[in-house]
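Asker: In this note's numbering, the protein residues as written are 146 to 383. Cβ coordinates follow ideal geometry from the N, Cα and C atoms, glycine included.
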């Protein structure tokens, strides 16, 4: 135990992908719980997943689902496996560039953007009882962040564009994929990263930590305001 703690502490100090690994471990652990429940207690599985998935109709009265839905996955290997592969492909680099806590903030706020995308779509189409869960909304925010970083540093964007094209094509190839969450996460993650990289000229000399606190707070308030304004009235149908 002490050796493991030292290894993790050393990796944290060196800028290793500690947050990325923790998110992956949490997602896989919850997926394993889902799989176990689906075999031994189907009713318990329904309650477990149903209490954590995001549904636009209940977005305001069940606010915890904005968070829990980011870490739940469908009870099949492809869903969690593909998302974890995507996260591992970009998470370590972004975490090293941004720092652990700022990377976590980007991940969570991108996930909120994915939820907002579903709510906005429901407001436009009336699909209030659609549901979604999975890390893909947050991961698409990381994709957008990588694009912004590559543009700022002049890096080769072709591998990232190919990987993104594959992910954007998934809703066409696989039914019941919440592409609205992908779009929402992508827009919010990209917007937050753009603010950090460029943003208000007068604030560019501020520290990265200060800019993240400032811009993340503003973006979070905007996302939550969109969800509240677009969601149905409190309590209807509940």
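1) Determine, using beta-carbon pairs with one atom in the stretch 209 to 227 and one in the stretch 147 to 166, whether at least three such pairs fall under 8 angstroms.
2) Less than 8 angstroms between the CB atoms is what I'm expecting for residue 261 and residue 214, so what's the real figure, rounded?
3) Touch check for the stretch 166 to 185 and the stretch 218 to 235: three-plus C-beta pairs under 8 angstroms?
4) Whole angstroms is fine: what's the gap from residue 204's alpha carbon to residue 376's?
5) With 8 angstroms as the threshold, decide whether the Cβ of residue 164 is near any Cβ in chain D.
6) Between the beta-carbon of residue 235 and the beta-carbon of residue 169, is there less than 8 angstroms?
7) Which residues does DSSP list as the beta-bridge partners of residue 199?
8) If you pair each beta-carbon of the stretch 188 to 197 with each one of the stretch 248 to 268, do three or more pairs fall below 8 angstroms?
9) Quick one: what does DSSP say residue 209 is sitting in, helix, strand or coil?
10) Between the stretch 275 to 293 and the stretch 332 to 343, do at least 3 Cβ pairs fall closer than 8 angstroms?
11) Measuring straight from C-alpha to C-alpha, what distance separates residue 306 and residue 283?
12) Cutting at 7 angstroms between CB atoms, please list the residues of its own chain near residue 196, excluding the five before and the five after it.
13) Does DSSP put residue 227 in a helix, a strand or coil?
14) Can you name the start and end residues of the alpha helix (DSSP H) that residue 325 belongs to?
15) Please classify residue 338 as buried or exposed, where buried requires at least 16 neighbouring CB atoms within 10 angstroms.
16) Starting from residue 258, follow the alpha helix (DSSP H) in both directions and report where the run begins and ends.
17) Please classify residue 187 as buried or exposed, where buried requires at least 16 neighbouring CB atoms within 10 angstroms.
18) Identify, in the order they occur along the chain, each residue of the same chain with its Cβ nearer than 6 angstroms to the Cβ of residue 372, setting aside the five sequence neighbours on each side.
19) With 16 other CB atoms within 10 Å as the buried threshold, where does residue 165 fall?
Answerer: Based on what the coordinates show:
1) no
2) Residue 261 to residue 214, Cβ: 12 angstroms. No contact.
3) yes
4) 7 angstroms
5) Checking the listed chains, one finds no chain D in this structure; it contains a single protein chain.
6) no
7) 277
8) no
9) coil
10) yes
11) 17 angstroms
12) none
13) helix
14) 324 to 342
15) buried
16) 245 to 270
17) exposed
18) 204, 261, 264
19) buried
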